[in-house]
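In order, the protein sequence lines correspond to chains P and H. If you want the working numbering, it's the position in the first sequence, counting the first as 1, plus 85. If you want the working numbering, it's the position in the second sequence, counting the first as 1, plus 3. Even glycine gets a Cβ: it sits at the ideal position worked out from N, Cα and C. Reviewing the structure listed below.
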Amino acid sequence: MASILIVGSGASGVHFALTALNKGHEVTMLDVGYPQPMPPLAEATFNELKERLDDPVAYFLGTSAETVVYPNADAKFYAFPPSKGYVFAAPEEFKTRGPGFEPFISFAQGGLAEAWTGGVYTFNDDDLSEFPFEYAALEPYYQEISRRIGISAAKDDIAQFSPFGGDYLEPLRLDAHAERLLERYATRRSHLNRHLKFYLGRSRVATLSRDHRGREACDYLGRCLWGCPRKSIYAPSATLDELHTRAGFRYLPGFLAEHFSYESNGRVTAVEATSLEDGQRHTFTAERYVLAAGTLCTSKIVLDSIYRNTGRVERLHGLMDNRHFMMPFVNIGLLGRPVDTSTYQFHQLALGIQAEEAHAYVHGQITTLKASAVHPIIQNLPLDLRASLQVFRKAHTALGVANVWLHDERRSDNFVTIRPVEGTDRTELVITYTSEPPGESQRVVGVQRTLRKALRQLGCFAPSGMTRMLPPGSSIHYAGTLPMTPRPTPLACSPSGQSYDFENLYLVDGAVFPFLPAKNLTFTLMANAARVADIMS
Amino acid sequence: MAESLLVASAESLRREAEVFTRYLVARSPSDYVAAKYRDGHRVIPYRRLTGTLPIDELLVRVARRGVALAWLADTYGRIFRHDGPLRQKLVLLTAILESSPSFHENMTGSRSTSRVRVYLTLLGMGLGFVVRLAVAMLVFGPVQLVGALTGPKPRAESERPDG
Ligand SMILES: Cc1cc2nc3c(=O)[nH]c(=O)nc-3n(C[C@H](O)[C@H](O)[C@H](O)COP(=O)(O)OP(=O)(O)OC[C@H]3O[C@@H](n4cnc5c(N)ncnc54)[C@H](O)[C@@H]3O)c2cc1C
Ligand code: SF4
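Structure, rendered in structure tokens:
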């Protein structure tokens with residue numbers, strides 16, 4: 086059995102580690118690992134927090150109201166709440182630049198998925214056509230991950246695009262808005278499927294509809310965006326808690342892994358990391374090394390290692406991120422209905438739009454806005470704020486947003502590299518993302534048109550001026566810089582995640598995806614990480 | 004020296020909180036809301052985002068004078084200075100109100116209303132907006148026009164705590 090050193094405690098890292106421990110390996114996990122602050126008043130609902138907290142404005146907006154979304158052409162319909170600030174905090178030693186690309190990087194215990202919305206969709210054979218294995222090879226790992234995290238869903242029209250042989254937990258309770266959309270869909274289903282290739286179903290969410298592995302079922306407190314106090318929404322920190330109970334596991338937070346050293350034959354000999362407590366460099370050794378630092382950080386560690394050992398500055402080509410737009414809409418039949426904020430706040434419905442080429446399938450999730458912040462929405466209504474507020478109050482229950490993603494492909498002009506920072510021995514990560522997949526702009530127009538028509542069929546109206554195309558980087562689905570390839574290729578890895586350049590180095594996060602379907606990728610990240618750990622010889 | 008928009012005194016911010024809260028939700032602000040509004044001005048980014056124009060100075064000064072004038076200035080701001088300082092102050096206050104004890108209830112649709120009433124409200128709000136906009140254009144339009152022809156371009160200034 087091998088000693089394994091893994092960098093990162095995100096979704097990829099913890100599931101790799103759990104499977105590796107199950108196989109009898111010894112695992113040391115190196116992590117920056119900012120911890121999650123305790124959510125306040127665990128039993129309070131969203132509105133009760135506003136009444137009962139000593140300083141609710143600080144909780145919801147920050148101590149100086151710094152997370153207010155101000156009017157601005159690029160303003161989003163929501164902001165990350167201060168309680169999630171720890172997820173996006175970065176050590177000052179870590180620098181990145183990427184004009185035109187908005188990178189989200191996490192150094193939290195559990196990584197980015199401590200702030201995710203829990204959408205979990207399997208990739209089918211069309212999605213995996215450029216992967217060096219088929220759906221059947223991943224299916225047992227999807228099932229294993231599902232047992233670990235708990236997925237609430239139903240087998241409905243989305244199942245044909247996101248197959249799953251295992252059992253889901255029963256679906257979460259729908260709110261009035263989502264229920265109405267599904268009812269309308271049922272009556273117009275054949276038209277929508279045939280003419281618009283539009284499909285609607287329940288979201289597949291890693292949120293519990295019943296107690297599961299020490300986590301409690303959702304009690305509909307409506308605090309999802311601010312951090313679920315019941316841990317009903319899965320976060321990798323839950324698996325990290327489980328890892329702590331296992332013999333053979335050692336967790337070392339407070340270390341920024343900088344680079345690894347290797348011999349001329351490519352054998353990695355150690356990882357060098359900076360202690361964030363005292364700034365000292367430390368060296369860690371093991372038989373095998375695993376990078377699960379998230380696509381961008383894993384790429385930087387590989388680039389820095391090559392630079393340190395050879396003086397060469399490489400480029401890792403093929404960075405991908407799904408193009409993402411948000412289409413707000415009004416469900417006309419719900420105008421004037423009272424709003425219920427004590428419901429599940431994240432997306433409850435998933436949508437799919439079939440494309441001519443199967444791999445260009447479009448994926449979306451519908452969120453009905455109940456407990457999200459009011460001010461980012463009303464400032465965009467075409468009236469003064471007082472009138473907007475009155476209109477909003479009458480339309481609140483009727484508001485929804487479709488979040489839609491398109492696939493991405495590896496292209497050589499989208500890449501990451503490093504640049505030495507003057508006066509230091511450090512580098513910064515430089516991200517260049519300038520080209521979109523061929524025909525994407527037209528595809529976006531077509532998809533928006535189809536979605537608008539479908540929403541109309543569902544009794545909704547989507548005002549055209551309000552759709553927001555988000556800048557590259559915003560979908561936070563990063564992949565593709567060190568892809569799995571069937572044959573040995575420089576700066577790539579084998580189907581079993583083993584680097585072709587460094588024989589005892591394994592890559593287990595999004596960096597290894599050779600293609601990025603429109604569907605949220607994290608379920609596949611976790612399944613693939615478990616697969617790599619399982620087949621590691 | 005006359006106080007400028009960018010360095011409003013604590014007194015002016017208190018007055019703004021009073022008038023703007025009554026404008027938005029027809030109630031006076033609590034001390035908590037007023038204090039949060041003042042504190043929020045430490046990081047309000049209006050200089051960074053849009054810079055300021057002479058019209059911004061005028062819109063804020065007029066809006067401070069009372070609810071009806073705040074409504075008029077905001078109507079004008081919505082169309083012609085959507086991301087200007089007055090709108091930013093009002094958005095800051097909206098965000099504070101929706102997070103504050105008891106005021107948050109004024110921000111969400113908790114009561115049931117018939118569909119007909121909703122349409123009537125929409126119609127009323129839309130018509131009212133158009134009428135106010137026409138008046139506001141007569142009042143503020145010339146100032147902005149003169150400013151645009153003769154004055155400097157919007158300045159994005161560095162942050163400075165107010166109040
Ligand atoms: C708001 C939001 C919503 C999302 N919603 C969804 C969704 O619904 N569905 C979905 O599939 N995905 C979603 N995602 C994306 C999802 O969170 C990510 O795909 C996933 O978390 C990536 O996991 P990872 O383990 O590969 O990397 P990360 O989560 O980035 O984890 C990286 C880990 O490595 C550590 N690390 C990094 N660099 C170093 C270093 N140099 N030294 C030491 N430690 C290091 C970090 O501390 C962290 O623990 C969402 C993300 C966000 C932010
Ligand atoms: S509604 Fe959201 S915050 Fe509340 S228990 Fe369910 S998952 Fe947690």
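Item, Value
"Reduced DSSP secondary structure (H/G/I, E/B, other) of M140(H)", "helix"
"Exercise answer, beta-carbon shell around ligand 2 heavy atoms below 6 Å", "T292(P), C303(P), D304(P), Y305(P), L306(P), G307(P), R308(P), C309(P), C313(P), R315(P), S317(P), I318(P), Y429(P) and Q430(P)"
"Cβ separation of K455(P) and Q430(P), assumed to be a contact under 8 Å, to the nearest whole Å", "6 Å"
"Coarse secondary structure for S12(H), derived from DSSP in three states", "coil"
"Inter-stretch contact (C-beta, 8 Å, three-pair minimum) for the stretch 307-324 of chain P and the stretch 260-268 of chain P", "no"
"Delimiting residues of the beta strand (DSSP E) encompassing T482(P)", "Looking at the DSSP string, T482(P) is not in any beta strand (DSSP E), and its letter there is neither H nor E."
"Where the stretch 145-158 of chain P meets chain H: residues whose CB sits under 9 Å from a CB there", "F145, L146, G147, T148, S149, A150, E151, T152, V153, V154, Y155, P156, N157 and A158"
"Span separating the alpha-carbon of T292(P) from that of T570(P)", "34 Å"
"Option in S231(P), E301(P), G379(P) and D252(P) with minimal Cα separation from L404(P)", "G379(P)"
"S191(P) versus G129(H) - alpha carbon distance", "44 Å"
"Rounded separation between Q121(P) and P321(P) - CA only", "12 Å"
"Closer than 7 Å: A96(P) CB and nearest ligand 1 heavy atom", "yes"
"Contact set for T113(P): own chain, Cβ-Cβ below 6 Å, skip 5 residues either direction", "L90 and R335"
"Contact under 8 Å by Cβ, D493(P) with D586(P)", "no"
"K479(P) classed as buried or exposed, judged by whether at least 16 other C-beta atoms fall within 10 angstroms", "buried"
"Close Cβ partners of A5(H) (< 6 Å) along its chain, the five nearest in sequence each way excluded", "Low local confidence applies: a pLDDT of 49 at A5(H) is under 50, so the model's placement there is unreliable, with the coordinate-based value given in what follows. Taken in chain order, the list of residues that qualify is empty."
"Residue from L75(H), G69(H) and G112(H) whose Cα sits closest to the Cα of A137(H)", "L75(H)"
"Rounded separation between G565(P) and R496(P) - CA only", "9 Å"
"V506(P) (DSSP reduced to helix, strand or coil)", "coil"
"C-beta atoms of L146(P) and L134(P) nearer than 8 Å", "no"
"Interface positions of the stretch 111-141 of chain P facing chain H (Cβ-Cβ less than 7 Å), listed along the chain", "N132, K135, E136 and P141"
"Segment limits, alpha helix (DSSP H) that includes N132(P)", "F131 to R137"
"Chain-ordered residues of the stretch 92-123 of chain H with a beta carbon less than 7 Å from chain P", "L93, V94, L95, T97, A98, I99, E101, S102, S103, P104, H107, M110, T111, G112, S113, R114, S115, T116, S117, R118, R120 and V121"
"Inter-residue Cα distance where the pair is V593(P) and A198(P)", "16 Å"
"Residue burial classification, A618(P) (beta-carbon count within 10 angstroms, cutoff 16)", "buried"
"Spatially closest choice to L254(P) from I234(P), H262(P) and R273(P), by CA coordinates", "I234(P)"
"Proximity test, C578(P) beta-carbon vs ligand 1 heavy atom, cut-off 7 Å", "no"
"T512(P) to D389(P) span [Cα, whole Å]", "7 Å"
"Counterpart residues of S88(P) in DSSP-defined beta bridges", "E111(P)"
"Contacts that D86(H) makes with chain P (C-beta to C-beta distance below 8 Å)", "Y155, P156, N157 and A158"
"Residue interval of the beta strand (DSSP E) (run including T452(P))", "V447 to T453"
"Strand pairing of P413(P), partner residues [DSSP]", "V486(P)"
"Cutoff 8 Å: P556(P) Cβ touching any chain H Cβ", "no"
"Spatially closest choice to A487(P) from C578(P), R366(P) and A435(P), by CA coordinates", "A435(P)"
"Spatial neighbours of S168(P) in its chain, beta-carbon cut-off 6 Å, leaving aside the 5 residues before and after", "W311 and G312"
"Separation of F189(P) from N613(P), as counted between CA atoms", "22 Å"
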